[in-house]
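There are 2 protein chains.
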Amino acid sequence: MNKINIALLGLGNVGRGVWEILQTNKEEIRERSGYDIEVSKILVRDINKRRDIDVPKGILTTEPEEIFNDESIKIVIEVIGGVDPAKDYMIKAMQSKKHVVTANKLAIATCGSELIKTAKEEEVRFCYEASVAGGIPIIHGLNESLTANKIEQIMGIINGTTNYILTKMYLDNMSFGEALKEAQEKGYAEADPTSDVDGYDAVYKLSILTYLAFGKKISVDSIYREGIRNIEAIDIEYAKEFGYVIKLLAIVKDVNNVLELRVHPTMVPARHPLASVNDSFNAIFIKGNAVGDLMMYGRGAGDLPTGSAVVGDIISILRNDTDPIFKLEGSKSGNLKQINSMENTKSGYYIRITVKDEPGVLGKISTILGQNNVSLLSVIQKGKGQEFVTLVFVTHKTLEGNIDKSIKDINLLSSVKKIENIIRVEKMEV
Amino acid sequence: MNKINIALLGLGNVGRGVWEILQTNKEEIRERSGYDIEVSKILVRDINKRRDIDVPKGILTTEPEEIFNDESIKIVIEVIGGVDPAKDYMIKAMQSKKHVVTANKLAIATCGSELIKTAKEEEVRFCYEASVAGGIPIIHGLNESLTANKIEQIMGIINGTTNYILTKMYLDNMSFGEALKEAQEKGYAEADPTSDVDGYDAVYKLSILTYLAFGKKISVDSIYREGIRNIEAIDIEYAKEFGYVIKLLAIVKDVNNVLELRVHPTMVPARHPLASVNDSFNAIFIKGNAVGDLMMYGRGAGDLPTGSAVVGDIISILRNDTDPIFKLEGSKSGNLKQINSMENTKSGYYIRITVKDEPGVLGKISTILGQNNVSLLSVIQKGKGQEFVTLVFVTHKTLEGNIDKSIKDINLLSSVKKIENIIRVEKMEV
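Heads up: the protein sequence lines correspond to chains A and B, in order. If you count by UniProt numbering, then the first sequence holds residues 1 to 430, one letter each, in order. If you count by UniProt numbering, then the second sequence holds residues 1 to 430, one letter each, in order.
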C-alpha cells in the first residue's frame, strides 16, 4: 500500500472534520485512493490550546515553513479561511510543488484566478469543492458531469444561516428577530450575523458558481445584493396564502448572452423542490440546455459535510483524476457576457402597501401599474374598518424597471402611507 | 484542434439526443474536451427509415463490423438498450480497443461486472452514467465526489412513469387507472406498463446503485419488489390527511453491515424534499457518514437529459479523467454483506382495513398490534353509520415481522372484512 503525507493548515471546525473523516473512514479512503494517508503536520496558532479531538501534539506546528519545506508532504489542505494569510500560504505550498485543497470561499471568490494560474504554472492540482455549498458536489457536477451542457441558469439556496431563519419564520411563525436569536443560540448564526443575513456570503459563493458555469470572472461588488432583514412575519403569511415560500436565492441567468446576477429574497412556489429545502440545508438548482432541471441538495456547511468535500478532493488528486483547469480559466469569456442591470431583469413582484382606507385607492394603484406595463396576478385587501389597510399585489412577470417606475408614481399618491415591502417572485416554469 | 471519430450503436430516442447535443453544444464540448468530435458511423436496423433528425445517410450502416473494424473510431456509444445484441456489441467494441459509453440499464444490471472486467482487461474506458437516472450525475457523485464517505443508505425515486402516475393521483385526485391512461397518452408509460408499474425498472436501477455504493453485486431477483398497482385514490387521500405523500421508493440501507434492498410504495412526509419530486422527475437521496443527507434531483429519462449524461462521459474519456474502475469491482465485498430478509426491515406502516361496524373492533385490532410489539402513531375511523367502516392505522417504526404476525391475527377476527392495503411509512429522520 502506498503511503502519502499531507498537511493541514488550520484545525478549526473544518480541519477537525477532515481529521475525523480520515480516521473514521480510513478503510474506504485507502481502497478508493490507493493510498494510506497520513497527516504528518498541522499548522495551528497555539500548540497548547485545548482541543476536543485526539490529535498527537507532535504533529502540531506554528511554523508554516516547516510544512512548505517538507518534501515528504505532497498535499496541503488549507482550512484556515479568509484571505490573509491563507492565500499566501496556498501560493507558497504550490510553489513548493505541493497540491492544494481548500474550503476557502473568500479566497476563491476574490483571488481564485490567481490561485488557479499559480497551480497551472507550478503544474500542481488545486481543488476547492468545499468552498461552495459544503458537502454538495456542485463543483464536480459543473466541471465534470454537466460538461455537455450550456448552462442557462443557476438558482441557489447557498447560505445556511438565512435559510434556517426563514424556515423558522415559515414553519414556526417566528418574527425575524426571534428566528435570528434562535439561530445564534443554536450556532447557525454568528454574533455579528451581517455576512450571512445581509447576503455577502451568498454573493461570494455566487461569484464562484458563475465563474465555473459561465467562465466569467465577476467582481463581487457588481452583484445585486439584498439580504433578509426586511422580511416580516406578515410577508411569510401572505406568501403562504398565495402558495409560496420565501427563500434567499442566489441567481445567475444567461439571458441572450447577457449575465444577470443577483442575491435577494424570493417567493418560490410551495410545490417546487427549492421550497422544501429547510433549516440550514442548501440546494443548487441548475438549468442546462441538455440535462434540463437538475438540483443538488445537502448540507452546505458543518465540519463533516465540508470535510467530505475536502477529502473527496484529496482522493481525486491521489487517483490522478484530471483537473479540468483549462476549462476554468474563463474559457468562454470570449463571448463577452455583460452583466445585466437590475432594471432589465424580469420577475414577478409581491408588493405590500399600507394605504388610507379610502375609496379608489386600489383603483389608482392598479391603474399606475397598468400604465407601466405591469399586469396583476393577484390582489388581497383585508379591510378591517380601520384608518389604514394593507394592500398586497402579486404581479405577472415584468421588467424591474417597470416596477421601479410604478413605485415612484405610487409613492406620490396621497392615500399611500408606505410601501412596506417588495419581494421578487419566481414562478419556476419548467 | 484534435479531431476524434466516434460511433453510435442505435439511433432511437437517446441516440437522437446524443446527436442533437453534439451539434447544438459543439462549441462548449470542443472547449471542454479539447476535441472536435465527429460521429463517423451510426449503426441502425433500417437505413431508409424516415427520421426526423438531420443525419447524413452516408454515415448510417447496418453492419456492426464496419464499426468494430474501423480503427479511426475511438469511442463507441451504445444506445440500443437491452442485453442482446447490445452486450456483445459492447464487448466486441472493447476488444477492438475502443472505449465504450452506454445508457443501458438492463445490461449494466445483469452483466455489469462482465463488461467492467472486459474494460479492465482491454485497458479501455467503460462509462455508464446514463444508465441510472438519466441526466442526474449520480454515478459521478458516488464514484468521484462522495469517495470520502461510508454510504449508509440510498433512497430513490428512480422510475419516471410511476412518479408521473402517483403525482397525478396526488395533485389531480385521479384514480390509478385514470392516471395510468393519461401517462400512456402522454408517452410517460408504455402500452404494456408492467416493467415500470410493477417496479422491475426500479429494481434494475437499484441493483446498479447498490453495486456502486456498497461494492456488492446483487441479483435482481433477491430484491423485494412491490409496484404501485394497489395504490388507491383513498390511500392518497389518507396520506394527505396524515401529512404524507406516496412515492415508489427504491431503498438500500446498510444496517450493521447487512444490506436491506427493497422497492415499494412508501409514504414520505410532505415537507421532505423527496415529496416535492413530481411528474416524471427522479431523485436520489443519499446518506453518507460524512456528507450527511445529499439529494440529487432531475430528469431521469428523455432524449436530452440522458444524452447529457452520455456526452458528459464522452468528454470525461477525452479528458482522460481517471476511471475508478478498481473501486467498482466489489472493492468492499470483503465485508460480506448479506441481504436482509424483509421481516427484519423496520418501517412505519399504514394499514387500511374494512371492518364490520361493531363494538370493540378497534380495540381488538389495537390489542393484537400491541401484543406484537407494534405501537400506534395514528388512528382514523370515519364512521358513516353503515354496515362496514374503514379503519386506518399508522404505526411507529417496527419490524416488518411484527406486522406480518399482526396481520395474520387480525385476519382471523370475524369482524374484519378485508385488509385493504398496507403501505410502508418512512419518517425520514435526519
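Ideal Cβ placement from N, Cα and C applies to all residues, glycine included. The structure displayed is predicted, hence computed values, not measured ones.
Exercise. Contact between the stretch 381 to 400 of chain A and the stretch 345 to 363 of chain A: three or more CB pairs below 8 Å?
Worked result: Yes: at least three Cβ pairs fall under 8 Å.
Exercise. DSSP state of A/A290, grouped into three classes?
Worked result: Coil at A/A290, not helix or strand.
Exercise. Quick one, are the C-beta atoms of B/M296 and B/I42 less than 7 Å apart?
Worked result: No, they are not a contact pair.
For this session: Tell me, please, whether the CB atom of A/S406 is closer than 7 Å to any CB atom in chain B?
Result: By this cut-off, A/S406 is not an interface position.
Problem set entry | chain A contact for B/I165 (CB, 7 Å cutoff) | At a cut-off of 7 Å between C-beta atoms, B/I165 does not count as an interface residue with respect to chain A.
For this session: Output the boundary residues of the alpha helix (DSSP H) element that contains A/K364.
Result: Run containing A/K364: V361 to Q371, per the alpha helix (DSSP H) assignment.
Exercise. Since A/T395 and A/S415 are thought to touch, with beta carbons under 8 Å apart, how far apart are those beta carbons, to the nearest angstrom?
Worked result: Contact check for A/T395 and A/S415: beta-carbon distance about 20 Å, past the 8 Å limit, so the pair fails to qualify.
Problem set entry | Minimum length 3: unbroken beta strand (DSSP E) runs contained in the stretch 74 to 160 of chain A | For the stretch 74 to 160 of chain A, the continuous beta strand (DSSP E) assignments of 3+ residues that do not extend past its boundaries occur at 99 to 102 and 151 to 157, in sequence order.
Exercise. What does B/H272 reach in chain A if we use C-beta pairs closer than 8 Å?
Worked result: Contact annotation for B/H272 against chain A: S276 [CB-CB distance below 8 Å, chain order].
Exercise. Is it the case that the Cβ atoms of A/I410 and A/I365 are separated by a distance below 7 Å?
Worked result: Cβ distance < 7 Å, so A/I410 and A/I365 count as in contact.
Exercise. By the criterion of Cβ-Cβ separation under 9 Å, what are the contact partners of A/T24 in chain B?
Worked result: Correct list: K150, N289 and A290.
Exercise. For chain B, is any of its Cβ atoms less than 7 Å away from the one on A/E28?
Worked result: At least one chain B Cβ lies under 7 Å of A/E28.
Exercise. Measuring CB to CB, does B/I246 end up less than 7 Å from B/A239?
Worked result: Between B/I246 and B/A239, the C-beta spacing is below 7 Å.
For this session: Taking A/I246 as the query, report the chain B residues whose CB atoms sit under 7 Å from its CB, ordered along the chain.
Result: Under the 7 Å cutoff, chain B gives no residues; its nearest Cβ is about 16 Å from A/I246.
For this session: Leaving out five residues on either side along the sequence, give the residues of the same chain with a beta carbon under 8 Å from the beta carbon of residue 514 of chain A.
Result: Since the displayed chain A opens at 1 and closes at 430, residue 514 of chain A lies outside it and no answer follows.
Problem set entry | Rounded C-alpha distance that separates B/S195 from B/N278 | When only Cα atoms are considered, B/S195 and B/N278 end up about 20 Å apart.
For this session: State yes or no: is the beta carbon of A/G363 nearer than 7 Å to at least one beta carbon in chain B?
Result: Using beta-carbon distances, A/G363 does not count as an interface residue toward chain B, since no partner is under 7 Å.
Problem set entry | Reduced DSSP category for A/D54 - H, G, I as helix; E, B as strand; rest coil | Three-state result, A/D54: coil.
Exercise. What separation, rounded to the nearest whole angstrom, lies between the Cα atoms of A/G383 and A/L362?
Worked result: For the pair A/G383 and A/L362, the Cα-to-Cα distance works out to about 12 Å.
For this session: Assuming A/F281 and A/R299 form a contact by the criterion Cβ under 8 Å, report the distance between their Cβ atoms to the nearest whole angstrom.
Result: A/F281 to A/R299, Cβ: 6 Å. Contact.
Exercise. B/P359: buried (16+ other C-beta within 10 angstroms of its C-beta) or exposed?
Worked result: Burial call: exposed.
For this session: Taking only beta-carbon positions, decide if B/E63 is within less than 7 Å of chain A.
Result: With 7 Å as the cut-off, B/E63 does not count as an interface residue toward chain A.
Problem set entry | Cross-strand partners of A/E260 (DSSP beta bridge) | Answer is A/K253.
Exercise. By DSSP, does A/G330 sit in helix, in strand, or in coil?
Worked result: Because the pLDDT at A/G330 is just 39, under 50, the model does not fix this residue reliably, and the value given afterwards should be weighed accordingly. DSSP, read as helix, strand or coil, puts A/G330 in coil.
Exercise. Does any CB atom of chain A fall closer than 7 Å to the CB of B/S72?
Worked result: So no, B/S72 is outside the interface.
Exercise. What did DSSP end up calling B/R30 once you bin it into helix, strand or coil?
Worked result: Helix at B/R30.
Exercise. Could you give the C-beta distance for B/E121 and B/V100, rounded to a whole number, given that I count them as a contact under 8 Å?
Worked result: Going by Cβ atoms, the distance from B/E121 to B/V100 rounds to 13 Å, so no, they are not a contact pair.
Problem set entry | As assigned by DSSP and simplified to three states, the class of B/P265 | Strand at B/P265.
Exercise. What residues of chain B sit near A/H140, judged by a beta carbon separation below 7 Å?
Worked result: Going along chain B in sequence order, the residues near A/H140 (Cβ under 7 Å) are H140, E144 and S145.
Problem set entry | CB contact check: A/L328 to chain B, cutoff 7 Å | The predicted position of A/L328 is uncertain, since its pLDDT is 40 and thus under 50; a value taken from the coordinates is nonetheless stated next. No - not a single Cβ of chain B is within 7 Å of the one on A/L328.
For this session: Spell out whether any CB of chain A is found under 7 Å from the CB atom of B/Y188.
Result: For B/Y188, the answer is no, since every Cβ of chain A falls outside 7 Å of its Cβ.
Problem set entry | B/I21: contacting residues in chain A (beta-carbon distance under 7 Å) | The contacting residues are A148 and A290.
For this session: Hey, could you find the ends of the alpha helix (DSSP H) A/L43 is sitting in?
Result: Boundaries around A/L43 are those of the beta strand (DSSP E), Y35 to L43, since no alpha helix (DSSP H) includes it.
Exercise. What is the DSSP secondary structure of A/V277, counted as helix, strand or coil?
Worked result: In the three-state reduction of the DSSP assignment, A/V277 falls in the coil class, being assigned neither a helical nor a strand state.
For this session: Assign B/V14 to one of three DSSP states: helix, strand, or coil.
Result: Judged by DSSP in its simplified three-state form, B/V14 adopts helix.
For this session: Whole angstroms is fine: what's the gap from A/R424's alpha carbon to A/R125's?
Result: Between A/R424 and A/R125, the C-alpha separation is close to 41 Å.
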